[in-house]
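Okay, structure first, notes after.
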Amino acid sequence: GRIQEPISRDFKSLQNEVSREMQAVAELPRDIRDALFHTILAKLRDQGALQDLTDMLDGNLWDHTGSFLSEMREDSRNVWLESRPYVIYLLEALLVLSDIQHELLAWSMEKRILPQQRELVESILEPNFRYPWNIPFTLDPKLLASLQEEGLAVTFGLLQECGLRVAPDNPKGTWDLEAKKPLSALYGSLSVLQQLAEA
Amino acid sequence: SLFERTSKNLVKELGGKDFRPVQNPLSAHKFCQLKLLRKKRRTLSQFWEQPDVPVDHTLMDILEPSPSVPEPVLTEKFVLIDKTVWKGAAEVDVTAGLEVSVSGKATQSCECSLEVQSVTISPWDLEDLQKRKVLDQEPSFLKECRTRGDNLYVVTEAVKLTNGTVLQDSSSVAATGTFSVPWSFYAKSTAEGSGLKVRERTMTVPQGTVMAYKKKQLVFREDGRAILLISDDDKQKTFPEMKMQELRTSVEILFISDDNKQKAFSEGTKRRPILPI
Numbered sequence: 011g012r013i014q015e016p017i018s019r020d021f022k023s024l025q026n027e028v029s030r031e032m033q034a035v036a037e038l039p040r041d042i043r044d045a046l047f048h049t050i051l052a053k054l055r056d057q058g059a060l061q062d063l064t065d066m067l068d069g070n071l072w073d074h075t076g077s078f079l080s081e082m083r084e085d086s087r088n089v090w091l092e093s094r095p096y097v098i099y100l101l102e103a104l105l106v107l108s109d110i111q112h113e114l115l116a117w118s119m120e121k122r123i124l125p126q127q128r129e130l131v132e133s134i135l136e137p138n139f140r141y142p143w144n145i146p147f148t149l150d151p152k153l154l155a156s157l158q159e160e161g162l163a164v165t166f167g168l169l170q171e172c173g174l175r176v177a178p179d180n181p182k183g184t185w186d187l188e189a190k191k192p193l194s195a196l197y198g199s200l201s202v203l204q205q206l207a208e209a
Numbered sequence: 002s003l004f005e006r007t008s009k010n011l012v013k014e015l016g017g018k019d020f021r022p023v024q025n026p027l028s029a030h031k032f033c034q035l036k037l038l039r040k041k042r043r044t045l046s047q048f049w050e051q052p053d054v055p056v057d058h059t060l061m062d063i064l065e066p067s068p069s070v071p072e073p074v075l076t077e078k079f080v081l082i083d084k085t086v087w088k089g090a091a092e093v094d095v096t097a098g099l100e101v102s103v104s105g106k107a108t109q110s111c112e113c114s115l116e117v118q119s120v121t122i123s124p125w126d127l128e129d130l131q132k133r134k135v136l137d138q139e140p141s142f143l144k145e146c147r148t149r150g151d152n153l154y155v156v157t158e159a160v161k162l163t164n165g166t167v168l169q170d171s172s173s174v175a176a177t178g179t180f181s182v183p184w185s186f187y188a189k190s191t192a193e194g195s196g197l198k199v200r201e202r203t204m205t206v207p208q209g210t211v212m213a214y215k216k217k218q219l220v221f222r223e224d225g226r227a228i229l230l231i232s233d234d235d236k237q238k239t240f241p242e243m244k245m246q247e248l249r250t251s252v253e254i255l256f257i258s259d260d261n262k263q264k265a266f267s268e269g270t271k272r273r274p275i276l277p278i
């Protein structure tokens with residue numbers, strides 16, 4: 011009863027892909043990670059700004075637009091540009107998510123609950139990743155317990171916005187194939203943001 | 002969100018996999034007929050795909066002026082009454098090491114009545130548009146799309162609300178039993194004492210809001226002027242890369258004597274002397 015997808019599309023591969031990005035981000039200098047974290051946090055509440063940043067980094071447009079990069083000192087700009095692929099990976103994942111999710115993520119970044127959220131998302135994706143239909147699952151109480159009241163509400167908001175049928179009052183939920191891509195993007199976002207936050 | 006869930010349900014009812022739900026009511030007007038959308042052709046992950054991004058221009062903005070204006074074709078109005086009741090788990094029983102013992106019923110419902118109409122383009126107009134020429138001076142947004150290697154699409158059909166509509170959903174948890182849990186959420190439910198927690202959301206969506214759309218890919222033909230509208234299978238590139246033949250004539254190709262390479266490049270290529278490096 012599982013999707014016969016190419017091996018490259020199983021959860022392990024997603025985990026590997028995300029781990030590679032996390033590893034690369036971890037190797038960036040601490041101040042750059044910190045700057046990236048705060049730049050993305052500032053732009054998260056503005057979908058247009060997030061899209062503009064992606065377009066700029068993606069299309070080599072920083073030199074002829076009045077962007078913050080063109081106004082940066084050369085050494086800082088170079089470091090930004092060196093970290094471009096990892097930033098683009100993160101931005102692409104973020105752009106899959108909705109405005110509401112961006113708000114919730116920004117709140118989560120400020121409250122530093124990204125690792126707990128990541129673990130919860132992973133616990134949903136791992137056992138269900140290959141199932142193409144609606145199946146029930148139960149969230150691990152220990153993972154839920156690690157989030158405080160508001161954190162729990164915000165995390166469930168993030169999950170619901172992906173299309174998952176879950177409610178904070180109920181540890182049981184239903185897996186939906188339509189939720190797979192946004193949930194994977196949420197997993198990627200939480201992972202890389204968490205790595206940046208560790209700075 | 003409530004809007005997105007409704008538009009997704011509508012797309013399911015419309016039955017066509019070519020329809021795409023609009024996700025955000027605030028940007029719904031950007032998915033009207035003949036509006037242009039862009040999408041990244043290559044992404045760094047294979048596990049998610051980028052959404053369509055409206056570019057705030059229509060197809061007419063990139064075509065040379067013409068006296069013929071495509072007339073929108075309206076379908077009959079139809080009404081969708083969607084009342085979904087979801088009983089996530091009839092009985093919720095959890096027992097874990099955290100002294101959790103919950104028993105109850107969780108219900109979620111979504112209710113709306115949508116009157117919608119599809120605005121599309123006639124096959125004749127579509128054919129006519131494909132014969133039109135692209136403006137000589139490329140608009141800046143097109144240049145940027147070309148630089149990034151984006152693909153461009155045009156909205157060919159938009160499903161719009163014919164009346165202002167109120168979307169509504171509610172979720173409730175009827176809980177019984179004890180809640181000796183450390184998680185404040187469950188504890189809060191008991192503290193409220195009623196054993197029933199209800200959350201309701203409503204949203205008023207104005208008339209004319211686009212709920213779903215169909216798109217076709219825009220492909221610039223090799224001469225760089227005429228356009229061709231094709232299906233949305235994403236397999237072509239909007240901006241074709243230069244072909245080898247063009248490279249041969251536009252760039253001086255110097256190659257070292259190598260039989261295989263000479264064979265590969267000799268046909269149709271003007272041979273040039275090999276200059277010393």
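First to last, the protein sequences are chains A and B.
Using the working numbering, the letters of the first sequence correspond one by one to residues 11 to 209.
Using the working numbering, the letters of the second sequence correspond one by one to residues 2 to 278.
Just so you know, even glycine gets a beta-carbon here, dropped at the ideal spot from N, CA and C.
Residue i, buried or exposed, once every other Cβ within 10 Å from all chains shown has been counted against 16
i        : result
B:Val70  : exposed
A:Thr64  : buried
B:Pro22  : buried
B:Lys236 : exposed
A:His112 : buried
B:Ile82  : exposed
A:Leu124 : buried
B:Val211 : buried
A:Gly198 : buried
A:Thr165 : buried
B:Val167 : exposed
A:Arg175 : buried
B:Gly178 : Only weak support exists for where B:Gly178 lies, its pLDDT of 38 falling under 50; the coordinates are left without a value.
B:Ser46  : buried
A:Trp90  : buried
B:Gly105 : Summary for B:Gly105: the model assigns pLDDT 49, below 50, so the residue's position carries little reliability; its value from the coordinates is reported in the next sentence. B:Gly105 comes out buried.
A:Ser118 : buried
B:Lys31  : buried
B:Phe180 : Low confidence applies here, because B:Phe180 scores a pLDDT of 32, under 50, leaving its location unreliable and the question unanswered by this model.
A:Ile205 : Looking at the sequence provided, one finds Gln at residue 205 of chain A rather than Ile. When all chains shown are included, A:Gln205 counts as buried.
A:Ser108 : buried
A:Gln33  : exposed
B:Ser141 : exposed
B:Trp49  : buried
B:Glu201 : exposed
B:Ser67  : exposed
Reference residue i, options the options, closest by Cα
i        : options                               : result
B:Ser28  : B:Val12, B:Phe20, B:Phe4              : B:Phe4
A:Leu193 : A:Gln57, A:Leu104, A:Arg122           : A:Leu104
B:Ala159 : B:Gln47, B:Val220, B:Lys216           : B:Lys216
A:Pro142 : A:Leu187, A:Ala177, A:Thr49, A:Val131 : A:Leu187
B:Gly150 : B:Gly16, B:Arg42, B:Ser2              : B:Arg42
B:Asp170 : B:Lys84, B:Pro26, B:Gln47             : B:Lys84
A:Lys152 : A:Thr184, A:Glu129, A:Leu203, A:Leu24 : A:Glu129
B:Leu64  : B:Ser8, B:Trp125, B:Lys134            : B:Lys134
B:Lys78  : B:Leu162, B:Thr203, B:Phe221          : B:Leu162
B:Pro241 : B:Asp62, B:Glu201, B:Cys146           : B:Cys146
A:Leu162 : A:Leu135, A:Leu114, A:Leu54           : A:Leu114
A:Asp156 : A:Met32, A:Gln126, A:Leu169, A:Glu171 : Correcting the residue type first, residue 156 of chain A is Ser in the shown sequence and not Asp. Minimum Cα distance to A:Ser156 is reached at A:Gln126.
B:Pro52  : B:Leu153, B:Leu219, B:Gln208          : B:Leu153
A:Asp68  : B:Thr44, B:Glu72, B:Leu60             : B:Thr44
B:Arg165 : B:Ile122, B:His58, B:Pro207, B:Leu115 : First, the amino acid is wrong: residue 165 of chain B is Gly here, not Arg. When only C-alpha atoms are compared, the closest one is B:Pro207.
A:Leu60  : A:Ser133, A:Arg40, A:Ser23, A:Leu101  : A:Leu101
B:Val54  : B:Pro66, B:Val74, B:Gln24, B:Thr148   : B:Gln24
B:Tyr214 : B:Val120, B:Thr239, B:Leu143          : B:Val120
A:Arg87  : A:Leu46, A:Gln158, A:Lys191, A:Glu136 : A:Leu46
### Contacting positions in the segment 143–157 of chain B - beta carbon closer than 8 Å to chain A
Here the close residues are Glu145, Thr148, Arg149.
### Task
Tell me the start and end of each unbroken alpha helix (DSSP H) in the segment 86–169 of chain A that is at least 4 residues and wholly inside, in chain order.
The qualifying runs are 94–106, 109–121, 124–138, 151–155.
### Task
May I ask you to list, following chain order, the residues of the segment 98–120 of chain A that have a beta carbon less than 8 Å from some beta carbon of chain B?
Listed by position, the residues of the segment 98–120 of chain A near chain B (Cβ gap below 8 Å) are Ile98, Tyr99, Glu102, Ala103, Leu105, Val106, Ser108, Asp109, Ile110.
### Message
Could you check whether the segment 145–154 of chain A touches the segment 88–104 of chain A, counting it as contact only if at least three pairs of C-beta atoms, one from each stretch, sit closer than 8 Å?
### Response
The segment 145–154 of chain A and the segment 88–104 of chain A do not touch, with fewer than 3 CB-CB distances between them shorter than 8 Å.
### Message
Output needed in chain order: residues of the segment 38–58 of chain B with a Cβ under 9 Å from some Cβ in chain A.
### Response
So the close ones are Lys41, Thr44, Leu45, Ser46, Gln47, Phe48, Trp49, Glu50, Gln51, Pro52, Val54.
### Residues, ordered as in the chain, of the segment 24–43 of chain A that lie near chain B by beta-carbon distance below 9 Å
When C-beta distances to chain B are compared with 9 Å, the residues of the segment 24–43 of chain A below that value are Leu24, Glu27, Val28, Glu31, in chain order.
#### Entry: Cβ-based contacts, 9 Å cut-off: residues of the segment 2–29 of chain B near chain A
From the segment 2–29 of chain B, only Ser2, Glu5, Arg6, Lys9, Gln24, Asn25, Leu27, Ser28 have a Cβ closer than 9 Å to chain A.
### Message
With three or more beta-carbon pairs closer than 8 Å as the criterion, would you say the segment 173–188 of chain A touches the segment 24–39 of chain B?
### Response
Touching, no, given that fewer than three Cβ pairs across the two stretches are closer than 8 Å.
### Task
Using a Cβ-Cβ cut-off of less than 8 Å, give me the residues of the segment 184–202 of chain A that come near chain B, in sequence order.
Listed by position along the chain: Thr184, Glu188, Lys191, Pro192, Ser194, Ala195, Gly198.
### Interfacial residues, the segment 135–148 of chain A to chain B, with Cβ spacing under 9 Å
If the cut-off is 9 Å between Cβ atoms, the segment 135–148 of chain A has Pro146, Thr148 near chain B.
### Query
Which residues, in order along the segment 167–178 of chain A, keep a beta-carbon less than 7 Å from a beta-carbon of chain B?
Of all residues in the segment 167–178 of chain A, Glu171, Arg175, Ala177, Pro178 have a Cβ within less than 7 Å of some Cβ in chain B.
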